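Presented below is the structure to which this report refers.
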Amino acid sequence: MTTTNDTARGIDPRSPRFGAAITTVLLAATIVLTLVPATWPVGIVLLAVIVVLFAIGGIAGIRRHPYGVLFRRFVRPRLGPPAELEAPEPPTFAQRVGLVITALALVLALVGVPYAAPIGAAIALVAAFLNAVFDVCIGCLMYVWLVRAGVFRARRTTA
1 MTTTNDTARG IDPRSPRFGA AITTVLLAAT IVLTLVPATW PVGIVLLAVI VVLFAIGGIA
61 GIRRHPYGVL FRRFVRPRLG PPAELEAPEP PTFAQRVGLV ITALALVLAL VGVPYAAPIG
121 AAIALVAAFL NAVFDVCIGC LMYVWLVRAG VFRARRTTA
């Protein structure tokens, strides 16, 4: 998405894709669980866990996300170096977008809005799937568009 030459700040772009793959599986399970009345409570708990994970990535930053820790510890040592590094701001913003969508779905489901949980999970699932499989990060694209529109300021890095 947004590359950087700053090795101290840059992240391996494969890390957010790894996290998106895990999120895709969790969101798919959430959809199935929340569509079956007998497993709805389990699905809601799983959705709450996903909300917490998005909150960690969106508030603490993508580097502190548990999936990033797993990637750096277990996956990254088995891979070659990345061709380029990615700025952490776009994937962190994408985590915030995921947080808003899943938290809204969770709250609406808890107050009794029918199908709020599976619909919210499905929306997040589409974004996670696109990132995991096709390397298309919708939240990252939104971030770049908002920077270009002047809503956010891009961080300046030294080359």
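To convert, note that position 28 of the sequence shown is 28 in the UniProt record's numbering; the numbers rise steadily by one, no gaps. Cβ atoms here follow ideal geometry from the backbone N, Cα and C, with glycine treated the same way. Note that the structure is predicted; figures quoted are calculated from it, not measured.
CB of Ile-134 within 8 Å of CB of Tyr-67, strictly: The residue you call residue 134 lines up with position 134 of the sequence shown. The residue you call residue 67 lines up with position 67 of the sequence shown. The sequence given here has Phe at residue 134, not Ile. No, these two residues do not count as a Cβ contact at 8 Å.
Residue range of the alpha helix (DSSP H) that includes Gly-120: Position 120 of the sequence shown, counted from the first residue, corresponds to residue 120. Its alpha helix (DSSP H) spans residues 116-134.
Own chain, CB closer than 6 Å to Ala-21, minus 5 neighbours either side, in chain order: Counted from its first residue, the sequence shown places residue 21 at position 21. For Ala-21, same chain residues with a beta-carbon under 6 Å away, outside a window of 5 residues either side, are Ala-132 in chain order.
Backbone CA spacing between Ala-149 and Cys-140 [nearest angstrom]: Position 149 of the sequence shown, counting from 1, holds the residue named residue 149. Position 140 of the sequence shown, counting from 1, holds the residue named residue 140. Straight-line measurement puts the Cα of Cys-140 at about 14 Å from the Cα of Ala-149.
Straight-line Cα distance separating Asp-12 from Ala-159: Taking the sequence shown and counting its residues from 1, one reaches residue 159 at position 159. Taking the sequence shown and counting its residues from 1, one reaches residue 12 at position 12. Because the pLDDT at Ala-159 is just 44, under 50, the model does not fix this residue reliably, and the value given afterwards should be weighed accordingly. Cα to Cα, the separation comes out at about 17 Å.
Outcome for Leu-79 when other beta-carbon atoms lying within 10 angstroms are tallied against a minimum of 16: Position 79 of the sequence shown holds residue 79. By the neighbour-count rule (16 or more Cβ atoms within 10 Å), Leu-79 is not buried but exposed.
Collapsed DSSP secondary structure at Glu-89 in the structure displayed: Mapped onto the sequence shown, residue 89 falls at position 89. DSSP places Glu-89 in helix when its eight states are reduced to three.
Rounded C-alpha distance that separates Val-49 from Leu-146: On the sequence shown, position 49 is the one that residue 49 refers to. On the sequence shown, position 146 is the one that residue 146 refers to. Val-49 and Leu-146 have their C-alpha atoms some 28 Å from each other.
Ala-94 classed as buried or exposed, judged by whether at least 16 other C-beta atoms fall within 10 angstroms: Position 94 of the sequence shown, counting from 1, holds the residue named residue 94. Answer is buried; the Cβ neighbour count reaches 16.
Short Cβ contact (8 Å threshold) for Thr-102 with Leu-33: What you label residue 102 is simply residue 102 of the sequence shown in a count that begins at 1. What you label residue 33 is simply residue 33 of the sequence shown in a count that begins at 1. Contact flag unset, no.
Chain-order list of residues whose beta-carbon lies under 7 Å from that of Arg-76 (same chain, five-residue window excluded): For the purposes of this step, residue 76 is taken as residue 76 along the sequence shown, with counting starting at 1. Counting only Cβ-Cβ distances below 7 Å, and skipping sequence neighbours, we find Asp-12.
N- and C-terminal bounds of the alpha helix (DSSP H) containing Pro-66: Sequence index remark: in the sequence shown, residue 66 carries index 66 (1-based). Start and end: 66-70.
Neighbourhood of Pro-81 by C-beta, 6 Å cutoff - its chain only, sequence neighbours within 5 removed: Sequence index remark: in the sequence shown, residue 81 carries index 81 (1-based). Once the five neighbours on either side are set aside, Pro-81 has no close Cβ partner at all.
Own chain residues within Cβ distance below 6 Å of Phe-152, not counting five before or after: The residue labelled residue 152 in the question sits at position 152 within the sequence shown. So the list reads Leu-146, once near-sequence residues are dropped.
Beta-carbon proximity of Ile-31 to Pro-114, cut-off 8 Å: Here residue 31 refers to the residue found at position 31 when the sequence shown is read from its first residue. Here residue 114 refers to the residue found at position 114 when the sequence shown is read from its first residue. Contact flag unset, no.
First and last residue of the uninterrupted alpha helix (DSSP H) at Pro-77: Counting from 1 along the sequence shown, the entry for residue 77 is found at position 77. Per DSSP, Pro-77 lies in no alpha helix (DSSP H) and is assigned neither H nor E.
Residue from Pro-41, Ala-8, Val-25 and Arg-9 with nearest C-alpha to Ala-109: In the sequence shown, counting from the first residue as 1, residue 109 sits at position 109. Comparing Cα-Cα distances from Ala-109 to each of Pro-41, Ala-8, Val-25 and Arg-9, the minimum goes to Pro-41.
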